[in-house]
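K.L.:
Sharing a structure below in structure tokens format, with a few things to ask.
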Amino acid sequence: MKAVILVGGEGTRLRPLTYSTVKAMVPVLNKPFIDYVFRYLSNHDVNEIILALGYKPDCITDYFGDANQLGVRLVYSVETDPMGTAGAVKNAEPHIDDTFFVMNGDIFTDLNLTDMLRFHKNKGAKVTIALTPVEDPTRFGVVETDNQKRVKRFVEKPKREQVTSNMINAGVYIIEREILNRIPKGKRFMFEHDVFPSLLADRGPVFGYATEDYWIDMGTPEKYLQLNRDLLCGKSTQVAFKAGDICVGKRSSVNPQAKLTAPILVDSDCIVGKGVQVKGPVIIGAGCKINNGATIENSILWQDVTIGEQAVLKDCIIASNSYIENNACIECATIA
Ligand code: GDD
Ligand code: MG
């Protein structure tokens, strides 16, 4: 089975982190986010991944090249301008020959794709949309289903008064190839605003596959921090890290007078100085230097970050090569 991953959009809500890279490449537990999506899809028998690239395609192609990751075939489908979620899939049409998966490129989930495919076939669906419960559906596509799980209504980013269900579009679809005929060529087109509403108006068989499995859209700094924190605390079945773990990489040195509270992941070639306090969940990328007396709490440092003496960081994301001055006190910030 083939899967299209939507790796476009400018990732505006994750700025300034996405000035230098794309959302799909931000590090999660010190590995590019998209690596997890690859592994996830390959675990569900996906043997070809089509990357629909709408923004800074080089960030992705330079990283993967022609690499035949995990035995999965890789195909790049590059848009000249971002074509929207459905336009991006239309652009990839030459590579699609049968029923296929589509996945938003900012979703981390444990949902069982194999079971979802079984559901899709049993229902005779043309489109199956994975559904997940959230507290505030206004930031998502809200989906209403009947007691047969058939979708009755889809409203993207509903106003509060339009919210009739807490089940939202989880950004994972199974689609029959013929649906591509409903998407115009060379035009910006969205599943959420164009394809789904018009298909429902035509009474097309669209079904909702509800799941309570771990799910997150990591497209904002808060959610990106939460994903990393959740994985460090063992909330996904895909990552073996546990809340009590402290893991220090090769050639990294931690001063015996530093105080570390789990969960903490430190990559290779780091220096953690005297009197430093690291209060997990904290992730420190390769080549970071935490100078004497600094405190880091609930934060993520990308690669080659230097933290000055006595600096205090809480709830922060610090992009690669940043330098935080001595005695700085920073809370809830994203620095790039
Ligand atoms: N290739 C390509 N081209 N990809 C695109 C484009 C484009 O023009 N526009 C957006 N994407 C990709 C984004 O990179 C992201 O991976 C995915 O499509 C969804 O876009 P977001 O910008 O993250 O949308 P959202 O999070 O506000 O809403 C979407 O996801 C929700 C679930 O997280 C919608 O699908 C909602 O209905 C859904 O609930
Ligand atoms: Mg998103």
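Heads up, the sequence shown is in this note's numbering, so the first residue is 649 and it goes up one at a time. Cβ coordinates follow ideal geometry from the N, Cα and C atoms, glycine included.
#1: Where does the unbroken beta strand (DSSP E) through P929 begin, and where does it stop?
#2: In this structure, what does DSSP give as the bridge partners for E696?
#3: Chain B beta carbons: is any one of them nearer than 9 Å to that of E973?
#4: What residues are listed by DSSP as bridge partners for D865?
#5: Between I755 and the ligand MG, is the CB less than 8 Å from at least one heavy atom?
#6: Which one or two residues does DSSP pair with A778 in a beta bridge?
#7: Taking contact to mean at least 3 C-beta pairs separated by less than 8 Å, is the region 758 to 770 in contact with the region 860 to 876?
#8: Would you kindly work out how many angstroms separate the C-alpha atoms of P823 and V652, rounded to a whole number?
#9: Is I954 buried or exposed, if buried means 16 or more other CB atoms sit within 10 Å of its CB?
#10: Opposite K800 in the DSSP bridges: which residues?
#11: Can you tell me the Cα-Cα spacing of V902 and G935, whole angstroms?
#12: For Y711, name the three-state secondary structure that DSSP assigns.
#13: Count the other CB atoms, across all protein chains shown, that sit within 10 Å of the CB of C964; report buried if there are 16 or more and exposed otherwise.
#14: Residues in its own chain within less than 6 Å of N678 by CB, not counting five upstream and five downstream?
#15: Find out if the Cβ-Cβ distance for the pair Y667, V750 is shorter than 9 Å.
#16: Compute the minimum distance between the beta carbon of R787 and the heavy atoms of the ligand GDD, and state whether it is under 8 Å.
#17: Since Y667 is in the alpha helix (DSSP H), which residue starts that stretch and which ends it?
#18: Pull the bridge partners of N817 from the DSSP assignment, please.
#19: In the DSSP assignment, find the beta strand (DSSP E) that holds K769 and state where it starts and stops.
#20: So what's E727 in DSSP terms, helix, strand or just coil?
#21: Just to check my reading of the structure: T793 and G856 have Cβ atoms closer than 8 Å, yes? What is that Cβ distance to the nearest angstrom?
#22: If you measure between the beta carbons of I944 and Y872, is that distance less than 9 Å?
#23: Locate the beta strand (DSSP E) running through T793, then write down its first and last residues.
#24: Is there at least one non-hydrogen atom of the ligand MG closer than 8 Å to the beta-carbon of D865?
#25: Within its chain, find whatever has a CB closer than 8 Å to the CB of G772; leave out the 5 residues flanking it on each side and keep chain order.
#26: Go ahead and pull the three-state DSSP assignment for P904.
#27: By a C-beta neighbour count over all protein chains shown, 10 Å radius and 16 as the cutoff for buried, is Y971 buried or exposed?
#28: Classify S884 as buried or exposed, calling it buried when 16 or more other Cβ atoms lie within 10 Å of its own Cβ.
P.N.:
So, from the data block:
#1: Sequence index remark: in the sequence shown, residue 929 carries index 281 (1-based). Here the beta strand (DSSP E) through P929 covers Q925 to I932.
#2: Walking along the sequence shown from the start, residue 696 turns up at place 48. K650 and R721.
#3: Included in the structure is just one protein chain, with no chain B present.
#4: The residue given as residue 865 occupies position 217 in the sequence shown. Note: D865 sits in a beta bridge opposite I755.
#5: As a working mapping, residue 755 is identified with position 107 in the sequence shown. Yes - the ligand MG has a heavy atom lying nearer than 8 Å to the Cβ of I755.
#6: Walking along the sequence shown from the start, residue 778 turns up at place 130. Answer is Y857.
#7: yes
#8: As a working mapping, residue 823 is identified with position 175 in the sequence shown. As a working mapping, residue 652 is identified with position 4 in the sequence shown. Reading off the sequence, residue 823 comes out as Ile, not Pro. So the alpha carbons of these two residues sit roughly 10 Å apart.
#9: Within the sequence shown, residue 954 is the residue found at index 306, counting from 1. For the sequence presented, residue 954 should be read as Thr rather than Ile. Classification of T954: buried, given that the 10 Å Cβ count is 16 or more.
#10: Your numbering for residue 800 matches position 152 in the sequence shown. K800 is not bridged to any residue.
#11: Taking the sequence shown and counting its residues from 1, one reaches residue 902 at position 254. Taking the sequence shown and counting its residues from 1, one reaches residue 935 at position 287. The straight-line gap from Cα to Cα measures roughly 13 Å.
#12: The residue given as residue 711 occupies position 63 in the sequence shown. Note: Y711 maps to helix in three-state DSSP.
#13: Indexing the sequence shown from 1 puts residue 964 at position 316. Buried, since its Cβ has 16 or more Cβ neighbours within 10 Å.
#14: Taking the first residue of the sequence shown as position 1, residue 678 is located at position 30. The residues are D915 and G933.
#15: Position 19 of the sequence shown, counting from 1, holds the residue named residue 667. Position 102 of the sequence shown, counting from 1, holds the residue named residue 750. Against a cut-off of 9 Å, the Cβ pair of V750 and Y667 comes out as no contact.
#16: For this step, residue 787 is matched to residue 139 along the sequence shown. Checking the Cβ of R787 against the ligand GDD gives yes.
#17: Taking the sequence shown and counting its residues from 1, one reaches residue 667 at position 19. Judged by DSSP secondary structure, Y667 falls outside any alpha helix (DSSP H); it is assigned neither H nor E.
#18: The residue labelled residue 817 in the question sits at position 169 within the sequence shown. Paired residue(s): L779.
#19: For the purposes of this step, residue 769 is taken as the residue at position 121 of the sequence shown. In this chain, K769 is not harboured by any beta strand (DSSP E); it is covered by the alpha helix (DSSP H) spanning L761 to K771.
#20: Working through the sequence shown from its first residue, we reach residue 727 at position 79. DSSP places E727 in the coil class of the three-state scheme, outside both helix and strand.
#21: As a working note, residue 793 is residue 145 in the sequence shown. As a working note, residue 856 is residue 208 in the sequence shown. Contact holds; Cβ gap of about 4 Å.
#22: What you label residue 944 is simply residue 296 of the sequence shown in a count that begins at 1. What you label residue 872 is simply residue 224 of the sequence shown in a count that begins at 1. In this structure, Y872 does not lie closer than 9 Å to I944 by Cβ.
#23: Working through the sequence shown from its first residue, we reach residue 793 at position 145. T793 -> beta strand (DSSP E) spans G789 to T793.
#24: Working through the sequence shown from its first residue, we reach residue 865 at position 217. Yes - the ligand MG has a heavy atom lying nearer than 8 Å to the Cβ of D865.
#25: Position 124 of the sequence shown, counted from the start, is the residue given in the question as residue 772. Same-chain partners within the cutoff: P853.
#26: Here the question's residue 904 lines up with position 256 in the sequence shown. In the structure shown, P904 sits in coil (DSSP, three-state: anything other than H, G, I, E or B).
#27: Looking up residue 971 in the sequence shown gives position 323. That one is exposed.
#28: Counting from one through the sequence shown, the residue named residue 884 turns up at place 236. Answer is buried; the Cβ neighbour count reaches 16.
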